[in-house]
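First comes the structure, then the notes that go with it.
Residue numbers (my numbering): 4 to 345.
Below is the structure:
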């Protein structure tokens, strides 16, 4: 193998043990030679650690803390430890210009990666090129990418947003606004589900989108924009529970009751019970998302040549006190029952 790669035996050994001190092109030559010769370069790798990569965020969102918990619990059940690894990079940089943390190459330390939080195609492409096994949370990948090439877990927030909007429509709401930062893919997908439900019902699509790094600020300013323009509104669909926090603040500033004046619903169900009144929200089961991410990456370790795996987790409505029908409750119950599938 050393002869085929035109390197020394110590260089092959260093690549097999993580590549410390070996240039990227040389590592690639060694790996290519191993593949051609049918040699498992990492057959002695007994590492029982999975890296949980937390990308491009300054703080851990409550949703991702629960994803982390789910992944850690599953890994522990399989005899693996989970190592938390923050990593910031530019979504605009070409893949080959990214500089991965050296520990990613230490196959004797980290066996594979779970890619969580905000990511883009360039990182996924580079990990694939470097032969680093990983699974990725598809909901949070920015821009154009190729999910068919990777092991991906999704939660179905598009269908969930559709069902949440249908819930508000069945409560006789017509002037329903969607609030979020639609420049981000997760808010845009939920807006897609909202839009589909509104158009099917023949209702006007009403979106207040605001670009802010803070979700609470997005909810607050987007709601104030609706109220300042004196737009018709009986319900607000916040694209995230933290956005709903800002919605609550703006409505209270205008002395509007929730849900007496305006109903509010959210997504993620991580802050729903903290808010008052308790927020109706879309449950996305983050612990199960983490479990699936861990399961997929451990399957990849066991079966490196199998086709890419995809898993989609359904969502569930959690109806609480923040949403209220505009007609008598009995009429709403009858309407919802009429819509149920036998």
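Built from N, CA and C at the ideal position, the CB exists for glycine as well.
Note that the structure is a prediction, hence the values are computed from the model and not measured.
Does the separation of the CB atoms of residue i and residue j fall below 8 Å?
i	j	result
residue 251	residue 265	no
residue 326	residue 268	yes
residue 70	residue 317	no
residue 68	residue 299	no
residue 83	residue 112	no
residue 143	residue 160	no
residue 146	residue 165	no
residue 74	residue 36	no
residue 287	residue 190	no
residue 3	residue 321	The shown model of the chain, from 4 to 345, leaves out residue 3, and the question about it has no answer.
residue 304	residue 109	no
residue 76	residue 227	no
residue 204	residue 213	no
residue 156	residue 173	no
If distances are taken between C-alpha atoms only, which option among the options comes closest to residue i?
i	options	result
residue 187	243, 5, 115, 9	243
residue 276	323, 152, 130, 301	323
residue 234	216, 211, 217	211
residue 126	94, 213, 9	94
residue 65	198, 329, 272	272
residue 194	167, 204, 217	167
residue 104	215, 129, 199	129
residue 306	136, 328, 122, 100	136
residue 33	5, 50, 13	5
residue 28	291, 132, 256	132
residue 270	258, 245, 291, 292	245
residue 217	10, 63, 13, 50	63
residue 106	50, 154, 72, 229	50
residue 297	31, 102, 9, 154	154
Considering only residues of the same chain and omitting the five flanking positions on each side of residue i, which have a CB-CB separation below 6 Å?
i	result
residue 124	148
residue 163	285, 318
residue 58	90, 120, 121, 122
residue 198	208
Can you list, in chain order, the residues of its chain whose CB lies under 7 Å from that of residue i, leaving out five sequence neighbours each side?
i	result
residue 202	208
residue 248	219, 222, 274, 278
residue 56	88, 90, 116, 117, 118, 119
residue 169	200
residue 302	312
residue 85	53, 55, 74, 75, 78
residue 12	5
residue 229	180, 211, 236
Here's the rule I'm using: 16 or more other beta-carbon atoms within 10 Å means buried, otherwise exposed. How should residue i be labelled?
i	result
residue 152	exposed
residue 61	exposed
residue 309	exposed
residue 231	exposed
residue 183	buried
residue 181	buried
residue 38	exposed
residue 334	Interpretation of residue 334 is limited by its pLDDT of 49, a score under 50 that renders its predicted location unreliable; the figure taken from the coordinates is listed afterwards. Exposed is the call here.
residue 315	exposed
residue 100	exposed
Report all residues from its chain with a CB closer than 8 Å to the CB of residue i; omit the five preceding and five following residues, and keep chain order.
i	result
residue 171	179, 238, 240, 266, 268, 326
residue 96	125
residue 192	142, 160, 161, 164
residue 331	With a pLDDT of only 47 at residue 331, under the threshold of 50, the placement of this residue in the model should not be trusted; the figure read from the coordinates follows. Closer than 8 Å at Cβ, skipping near neighbours: no residue.
residue 263	327
residue 346	The chain is shown only over 4 to 345; residue 346 falls outside these bounds and no answer can be derived.
residue 206	172, 177, 179
residue 280	261, 262, 323, 324, 325
Item to check | Inside the stretch 120-185 only - alpha helix (DSSP H) runs reaching at least 4 residues | outcome: 124-132, 160-173
Checklist entry - Which ranges does the alpha helix (DSSP H) cover as unbroken runs of at least 4 residues, wholly within the stretch 51-121, from first to last along the chain? => result 65-80
Item to check | Completely contained beta strand (DSSP E) runs for the stretch 206-275, where each covers 3 or more residues | outcome: DSSP runs (the beta strand (DSSP E)) wholly in the stretch 206-275: 209-212, 238-241, 266-271.
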